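Note that the sequence shown ends on residue 385 in the numbering used here; no numbers are left out.
Note that CB positions come from ideal geometry on N, CA and C, so glycine has one too.
On a predicted model such as this, the values are computed, not experimentally measured, just so you know.
Below: the structure, in C-alpha cells.
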Amino acid sequence: MATVLIVGGPAGTGKTTIASLLAESKGCTFVEGDTLHPQANVDKMARGEPLTDEDRWGWLKELSEICSKEAVSKENATHTVVASCSILKKVYREYIVECGLPEVTFKFVFLKSTFEQLMERVANRKNHFMKVDMVKSQYDIMEIPQGEELIANGGSALAVETTDKTPEAILQEVLAALK
C-alpha cells in the first residue's frame, strides 16, 4: 500500500525538521511543501499578508498529486513519501486526500505548540518568507485534529505537542504513534 505522511501545523512547529527526520528514518522521499507555493503566495506572505483558502487550493492539490505519484512510482521501493505542509484546517486535509490517487493512503501528523514558542522559533529563523507577524493568523485558524479524525479513533491524523521537546523526542513519539 502506498502511503503519504504529511507533517503539518502552524509556522514554527518544526514541520520541515520533523518531516525530514521522519523521511530519513523511513528511507523514503521527502517533499518540502513550501517549495511548491506559487510565487504569488510567497510574495503575499513576504508582505505579511495571510493566505486565504482560495490562495491555498491549487498549492494543496499540487502537493497531493506530486506526493501520490511519487508514492506509487515503481522507482519508489518504500512506496512511502513524507511531506511538510501546514494542513491548518480539517477541510485542507480532506482536500489533499480527495486530490490524491485512490490507491494512496494519507496520514497526517499535526504538530502543535504554545503561541509563545511559535513566535520565538519563527523570530529566530533566517531566510524564510514566513515572518513572525504571520504566526497569529495561522494560530487563529488552525484546527487541531480531534475525535474521529485521530488515528486512535479510526481516523488518519495524529496531534503531537512539540512545546519544549527536542526534534528527536518528537520523532520518536510520531514513530511510536504510527506503528
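| query | result |
| --- | --- |
| Given that a residue counts as buried once 16 or more other Cβ atoms are within 10 Å of its Cβ, and exposed if not, what is residue 245? | exposed |
| If you count every other CB in all the chains shown that lies within 10 Å of the CB of residue 216, and 16 or more means buried, which is it? | buried |
| With three or more beta-carbon pairs closer than 8 Å as the criterion, would you say the stretch 372-383 touches the stretch 247-258? | no |
| According to DSSP, is residue 276 part of a helix, a strand, or is it coil? | helix |
| Between which two residues does the alpha helix (DSSP H) containing residue 212 stretch? | Not the alpha helix (DSSP H): residue 212 falls in the beta strand (DSSP E), residues 208-214. |
| Return the residue from the list 276, 316 and 340 that minimises the CA-CA distance to residue 293. | 316 |
| Would you be able to state if there are at least three C-beta pairs under 8 Å between the stretch 291-307 and the stretch 213-228? | yes |
| Nearest to residue 358 by CA position, among 257, 223, 346 and 382, is which residue? | 382 |
| Whose C-beta lies closer than 8 Å to the C-beta of residue 363 among residues of the same chain, with five residues either side of it excluded? | 299, 313, 314, 315, 316, 351, 355, 356 and 357 |
| Within the stretch 223-267, note down every full beta strand (DSSP E) run reaching 3 residues or more, in order along the chain. | 235-238 |
| Where residue 318 and residue 261 are concerned, what is the direct C-alpha to C-alpha distance, given to the nearest angstrom? | 23 Å |
| Measure from the alpha carbon of residue 227 to the alpha carbon of each residue in 241, 242, 211 and 240, then state which is nearest. | 211 |
| Of the residues 268, 308 and 346, which one's Cα is nearest the Cα of residue 321? | 346 |
| Measure the beta-carbon distance from residue 341 to residue 224 and round it to whole angstroms, keeping in mind my assumption that it falls under 8 Å. | With a Cβ gap of about 18 Å, residue 341 and residue 224 do not count as contacting. |
| Count the other CB atoms, across all protein chains shown, that sit within 10 Å of the CB of residue 279; report buried if there are 16 or more and exposed otherwise. | exposed |
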